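Colleague: Residue numbers (numbering that gives the first Met the number 0), protein chains in the order written: chain U, 0 to 382; chain G, 0 to 299. The beta-carbon is built from N, C-alpha and C at its ideal position, and this holds for glycine as well. Please read all numbers here as calculations on a predicted model, not as lab measurements. Below is the structure I would like to discuss, written out as C-alpha cells.
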Amino acid sequence: MTQEPPDTGTRTSGDSHTADVIDASRVIVCCGSGGVGKTTTAAVLGLEAARRGRRAVVVTIDPARRLADALGLTGGLAAEPEPIELADVPGELWAMMLDTAATFDGLVRRYADDELQVERILENPFYRNIAGALSGTQEYMAAETLHALHGDDRFDLVIVDTPPSRNALDFLEAPGVLSRFLDHRLFKLLMLPTRGGLKVIGTASQPILRAIGKVVGSEVLSDSVAFFQAFAGMETGFRERADDVVALIRSPETSFVVVASPRHDTITEAVWFADQLVEQGVGVTAAVVNRAHPAFGSGSSAEAVTAAAAAEEAGDTALAQLWSNVADLRILREREQEVIAPLEEIAGADRLAVLPLLDQDVHDIDGLWTIAGHLFGHEPVAG
Amino acid sequence: MPPESEYPLQSLTAARVVVVAGKGGVGKTTVTAVIARAASGAGQRVLVVELDGKPTLADLLADVPDVTVMPISAPDALDEYLRDHGFARIAKRLNRTGVIDMVGTAAPGIDDVVVLGKIKQLERSSEWDLVVVDGPAAGHAVTFLTSAAGLADAVRAGPVRAQADEVLELLHDGDRCQVVLVALPETTPVNEVIETAFALEDLVGVQLGPLVVNGVDTLAPLPDADAAGDVVADLDADDARILEEAAAFRRSRREMEQQELARLAAELPLPQVRLTARPVAGLTADDIDAMASELTTEPS
Chain U
0 MTQEPPDTGT RTSGDSHTAD VIDASRVIVC CGSGGVGKTT TAAVLGLEAA RRGRRAVVVT
60 IDPARRLADA LGLTGGLAAE PEPIELADVP GELWAMMLDT AATFDGLVRR YADDELQVER
120 ILENPFYRNI AGALSGTQEY MAAETLHALH GDDRFDLVIV DTPPSRNALD FLEAPGVLSR
180 FLDHRLFKLL MLPTRGGLKV IGTASQPILR AIGKVVGSEV LSDSVAFFQA FAGMETGFRE
240 RADDVVALIR SPETSFVVVA SPRHDTITEA VWFADQLVEQ GVGVTAAVVN RAHPAFGSGS
300 SAEAVTAAAA AEEAGDTALA QLWSNVADLR ILREREQEVI APLEEIAGAD RLAVLPLLDQ
360 DVHDIDGLWT IAGHLFGHEP VAG
Chain G
0 MPPESEYPLQ SLTAARVVVV AGKGGVGKTT VTAVIARAAS GAGQRVLVVE LDGKPTLADL
60 LADVPDVTVM PISAPDALDE YLRDHGFARI AKRLNRTGVI DMVGTAAPGI DDVVVLGKIK
120 QLERSSEWDL VVVDGPAAGH AVTFLTSAAG LADAVRAGPV RAQADEVLEL LHDGDRCQVV
180 LVALPETTPV NEVIETAFAL EDLVGVQLGP LVVNGVDTLA PLPDADAAGD VVADLDADDA
240 RILEEAAAFR RSRREMEQQE LARLAAELPL PQVRLTARPV AGLTADDIDA MASELTTEPS
C-alpha cells in the first residue's frame, strides 16, 4: 500500500541503537508534545519488538483513537490488553488503552480493608471527581498500569505512549502526586491526628473550611470530608505502591524515548524535556524525529532554484516546474535539518533517528512496517 | 469540490468571542495569530487570550497594531473573581493556605469556568471589537467548554455557580461566541476534528464557525507523471530520477490531502477555510502576515 519512498536520507547512525534499546529494555516510555507522532513511534517500536521475538504490549493514554487508527483497528481499543494479529513474526504485540477511573478503582479495591470501605469510596462524588480530574491522576494511573503490566507474565516489554503534557515530567512525578495530595493542608485540617488515629473534624469549626464552602457550595465540601473519612487507613498502601512505581520508572530496565517532529517548537520542547531527564538522572535513551522531508538528490535548494530559472529562461515551463518542486522540497528539508540540530546535540548523534515523511499517511500496519523498515534498516514485513 | 468559505475573515470573526480549538500539532496557535492579524488589518481592535503560558503568540503578534495579547491563568482568574465579588478575605485566605488547587479538585471544572468567566467579562468591555482565544492545549477543548455545564450540575449555589450560569449564556449565544476548529489535511487529524465537532455540538451546544484546515499544499502547477517522463527523457539519469521522484512524492501527498479535504467536507457540514503550507520549520511574524492576507483576498 505505502510505497517505498525514494532516497529517504534516514540517518542510519541511530538505527542500531534503537534496536539495542528494544533488546535491552523491559519498559519503554515515549514522550513528547502533542501531534509529533508519539503513538506511531510507540506502535513501531512494538512491531519491531515482536519482530525481534519479544512479547510486547503497547499502552496508549490518548483518549483519541490514535493507536487504534495507527494499527488499523476500526473498533477502537479495550481497557484490557488485546493481541494484534501479525503474520510472520516470532514475537507478539498486544495493545490496550488506559482507563484512568477503572485503574484508580482497582487501587482502591486493593488497599481497602473491606467491601464496605470500597463502596463508600467508589460512590463518593468527590472521589468520582478526583478519579478523573485530579491533576496528575491520568499520569499516575498510567504509571500504575505500567507497573501492573510489568508484573504480568504474558509480556516481557511494556511500551507506554504518555499523555501530551505541558510539564512532560508529570509522568515521572505523578506517583508522588497522590502522596502529596494526602499530605495536603486541607487533608490535614480535616484529619487532625488524635490519640486513636486520624479523626475527621467538623467543617463548622474551621473558618477556612466555611470560607471554601461559601465559594464552591457546602455540598461539595461535605462530599470531600466524607471521602477523606472513607479513605482513612489506606494512605500507607497507596504510598508504598507509589514508591514501587517510581522505582520501576527509574530502573535501568526502563528507557525514555523522546519524540519530536522537525518543527522549531516541538524540538524546543523535546530538548527541554531531554534536559530535565538528564537532570533527574534518568537520561534520554533515544530520540526520534518523525516525518522529516526526504532528500531528493544530494544538491542544495539553491541549485534547484538555479536550474528552475534556467529552464524557465529556455522556455521549458514543465521542466521549470519540476525543478521548482525539487527546490520546494529541498528548502523544507534544509530548514528541518537546521531545526533538528539542537536535539541531536543533546541526545547524541548515535541516539537520534530521523524518520522520513512518507508519500502516504500512516494509518495501518503496512504503513507502520514501512516506518519500522526505515528505522531498523530491514525490508518492510508483509502485514 | 468541498465547500470553501467565501468570505473567510467575516465568517471567522462573526461572533465577538472566537475560541480556536484543535488537537496538539495542528497549528491552533498559528491560526489564532492569523485571525488576530487579519482582523487587525481590517480595522478591528483585537484582544488575544492565551491560556498555556507560552510566549509564542506575543512574539508572533509583537508588531501588529491594535492587537493586545493577554495571558490568563486559572488561579489568577479565580483570585480576581473572588476579589471583585466581595470575597476579598476568602481570596486572601485561599491563596495564603494554598488551598486553591484543592477547591479546583473538589469541584472540577472550576478552573475552566473562572477562565471562561474572565473571557466573558472581556467580551463585555468596549475596549475590544474581537476576542480571539487560543484554546487549551491538546484535546482539552471539549472538557474546557463543558466545564460550565458540569459545574452547574454539581454546584447548586454560591458565586461559582453564578459564574457557571453566565458562562453558559455566553456559550449558547452564537452572536457572542463561536468555536473555530483547526485540522490538518491528514487522516488522523481529520478523524479527530470530526469527533471533536460532534462532541462540541452535542455536549456544549456552542456555535461552530468555519473549519480551518492548516498546511494545505498550494497547487503550484506540476506536470503529471507522463508529462514529467517526457520532459526528463533527455536529461542525465541522476537528474531525471531526482525530478521524477520528487514530483511523484509531491503528487502523492497532494492527492492524499485532497482526499482528506473531501472526506472532511462530506462528514462535517461546515464551510472550510484553507491556509497554505509555509515552506518553513517554524513560523515567524512574516508567515503570519502572509497567511492573514489569504483570509482577506477577494473570493475567486
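1) Using three-state DSSP, classify G:G116 as helix, strand or coil.
2) G:D133 and G:T31 - do their beta-carbons sit closer together than 8 angstroms?
3) Identify the residues that DSSP records as bridge partners of U:S254: which are they?
4) Short check: CB of U:E81 to CB of U:A94, under 8 angstroms?
5) When DSSP labels each residue in this structure, what does U:E84 get in the three-state scheme?
6) Give a yes or no on whether the C-beta atoms belonging to U:A384 and U:F375 are separated by under 8 angstroms.
7) In whole angstroms, give me the CA-to-CA distance for U:L356 and G:L129.
8) Could you spell out where the beta strand (DSSP E) holding U:T59 opens and where it closes?
9) Could you spell out where the alpha helix (DSSP H) holding U:T144 opens and where it closes?
10) Answer with yes or no whether the minimum CB distance from G:T145 to chain U is below 8 angstroms.
11) Identify every run of the alpha helix (DSSP H) within the stretch 124–193 of chain G, keeping only runs that are complete inside it and at least 4 residues long; order them along the chain.
12) What does U:P341 touch in chain G if you count any residue whose Cβ is under 9 angstroms from its own?
13) Please classify U:Q359: is it buried, with 16 or more other beta-carbons within 10 angstroms of its beta-carbon, or exposed?
14) Using 8 angstroms as the threshold, is the C-beta distance between U:L342 and U:V288 below it?
15) Here's the rule I'm using: 16 or more other beta-carbon atoms within 10 Å means buried, otherwise exposed. How should U:V277 be labelled?
16) Along the stretch 56–86 of chain G, what residues have a CB closer than 8 angstroms to any CB found in chain U?
17) Short of 7 angstroms in beta carbon distance, which residues of its chain neighbour U:A78, apart from the five on each side in sequence? Order them along the chain.
18) Taking U:P89 as the reference, which of U:A346, U:A49, U:I60, U:V219 has the closest Cα?
19) Check whether the Cβ of U:L197 lies closer than 8 angstroms to any Cβ atom in chain G.
20) Give the residues from the stretch 168–191 of chain G that approach chain U closer than 7 angstroms (Cβ to any Cβ), ordered along the chain.
21) Take U:E143 and list the residues in its own chain whose beta-carbon comes closer than 7 angstroms to its own, dropping the five residues that flank it on each side.
22) Put G:P64 into one of helix, strand or coil per three-state DSSP.
23) Take G:D174 and list the residues in its own chain whose beta-carbon comes closer than 7 angstroms to its own, dropping the five residues that flank it on each side.
24) Using 8 angstroms as the limit for Cβ to Cβ distance, is G:I193 near chain U?
25) Given this structure, state the Cα-to-Cα distance separating G:V189 from U:G33, to the nearest angstrom.
26) Against chain U, does G:P1 count as a neighbour if the rule is that its beta carbon must be under 8 angstroms from one of theirs?
27) In the DSSP assignment, what are the bridge partners of U:W93?
28) Check this for me: beta carbons of G:V179 and G:G208, under 8 angstroms apart or not?
29) Inspect the CB distances between the stretch 20–35 of chain G and the stretch 249–264 of chain G and report whether three or more fall short of 8 angstroms.
30) Please confirm whether U:T193 has its beta-carbon closer than 8 angstroms to some beta-carbon of chain G.
31) Can you round the beta-carbon distance between U:A259 and U:A352 to whole angstroms, since I take them to be within the 8 angstroms contact cut?
32) Which residue from G:P74, G:E200, G:Q206 puts its Cα closest to that of G:D172?
33) Can you tell me whether G:M255 is helix, strand or coil according to DSSP?
34) Using 8 angstroms for Cβ pairs, my map puts G:R249 next to U:N324. What's the rounded Cβ distance?
35) Which word fits U:R108, buried or exposed, when buried means at least 16 other C-beta atoms lie within 10 angstroms of its C-beta?
36) Apply the 10 Å Cβ neighbour rule to G:G52 and answer buried if 16 or more other Cβ atoms are within range, or exposed otherwise.
Modeller: Well, looking at it:
1) helix
2) One thing to note: G:T31 has its Cβ within 8 angstroms of the Cβ of G:D133.
3) Secondary-structure assignment with DSSP links U:S254 through a beta bridge to U:I27.
4) yes
5) Residue state for U:E84 is assigned as coil, using DSSP reduced to three classes.
6) Beyond the ends of chain U as shown, which are 0 and 382, falls residue 384 of chain U; an answer cannot be given.
7) 38 angstroms
8) 54–59
9) 136–149
10) no
11) 140–153, 158–170
12) Near U:P341 there are no residues of chain G at all, since even the closest Cβ is about 12 angstroms away, more than 9 angstroms.
13) buried
14) Annotated as proximal: U:L342 and U:V288, with beta-carbon spacing under 8 angstroms.
15) exposed
16) L81, F86
17) M95, M96, D98, A101, listed in sequence order.
18) U:A49
19) Low per-residue confidence applies at U:L197: pLDDT is 46, beneath 50, and the placement is therefore not dependable, though the value from the model is reported in the following sentence. Chain G contact via Cβ: absent.
20) E185, T186, T187, N190, E191
21) Excluding its 5 nearest sequence neighbours in each direction, U:E143 has C-beta neighbours in its own chain below 7 angstroms: T102, L106, V244, listed in chain order.
22) coil
23) A14
24) no
25) Near 15 angstroms, if we compare the C-alpha coordinates of U:G33 and G:V189.
26) Bear in mind that a pLDDT of 46 at G:P1, under 50, signals an unreliable position, so the model cannot answer this.
27) Bridge pairing for U:W93: U:V56, U:P82 [DSSP].
28) yes
29) Cβ pair count under 8 angstroms is below three, so no.
30) Reliability fails at U:T193, whose pLDDT of 46 lies under 50, so the model's placement of it is uncertain and the value that follows must be treated cautiously. Not one chain G Cβ lies under 8 angstroms of U:T193.
31) About 11 angstroms separates the beta carbon of U:A259 from that of U:A352, a gap too long to meet the 8 angstroms contact definition.
32) G:Q206
33) Correct three-state label for G:M255: helix.
34) 5 angstroms
35) exposed
36) Counting the other Cβ atoms within 10 Å of the Cβ of G:G52 gives fewer than 16, which makes it exposed.
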